[in-house]
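All the letters of the sequence shown, read from the start, carry residue numbers -24 to -1, 1 to 129 under mature numbering (1 follows the signal peptide of the UniProt record, and there is no 0).
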Amino acid sequence: MVPIWATTCCVSLVFSQLVTFTVSQGASLDRKWGEHFEVPAASPSAIFVIISLLAVPIYNRLFVPLVRKYTKHPYGLSPLQRLGLSIISAILLMCVAALVEKKRVTCVKDLGLEELPLGSYGLPMRCGGWYHSSSSPHCDLVNSTTKHEEGSI
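Printed below as a string of structure tokens:
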């Protein structure tokens, strides 16, 4: 059990990074989109849930049938392959996030913009974790609890 726990810590770190975008951080954003619309401060955390909800049907209807043709596995990928893909995507997403944040901080310091609020237009870019969510062990849990005799729904 220790090797499984140790490898899934990477996945848990990514999820914890996604949900740390709290209400107080959302309140510090420039949340105005146009003249008459302002994004509520608590809504950034809901974006991750919505993207995860959209990713699961896309995963089941597009990705699994496509991969099933090549792997001949009834679920497209085995549970171990899904976990491996999840961990690899988590590592890649965190590396990209670190590079983007490093560049952002450098630009902010160079331009002297430390006191200006961050715009909320870039918020959807933070949601690159949708792919991670769709390949995570949560899909295995949903699949194992909802499967029929002939296979996945």
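Even for Gly, the Cβ is constructed at its ideal location relative to N, Cα and C.
Per DSSP, the continuous alpha helix (DSSP H) segment holding residue 79 begins and ends at 55 to 87.
It is roughly 44 Å from the alpha-carbon of residue 9 to the alpha-carbon of residue -21. In this chain, the alpha helix (DSSP H) harbouring residue 40 covers 40 to 47. The beta carbon of residue 19 lies closer than 6 Å to none in the same chain, with the five residues before and after it left out.
If you draw a straight line from the Cα of residue 60 to the Cα of residue 38, it is about 20 Å long. Each residue's CA atom was taken as its position, placing residue 51 and residue 44 some 7 Å apart.
Rounded to the nearest whole angstrom, the C-alpha separation of residue 14 and residue 24 is 19 Å. Pairing residue 73 with residue 48, the inter-Cα distance amounts to about 34 Å. Annotation for residue 30: the continuous alpha helix (DSSP H) segment containing it runs 20 to 34.
In terms of Cβ geometry, residue 7 and residue 17 form a close pair [threshold 8 Å]. Here the C-alpha atom of residue 53 lies approximately 25 Å from the C-alpha atom of residue -9.
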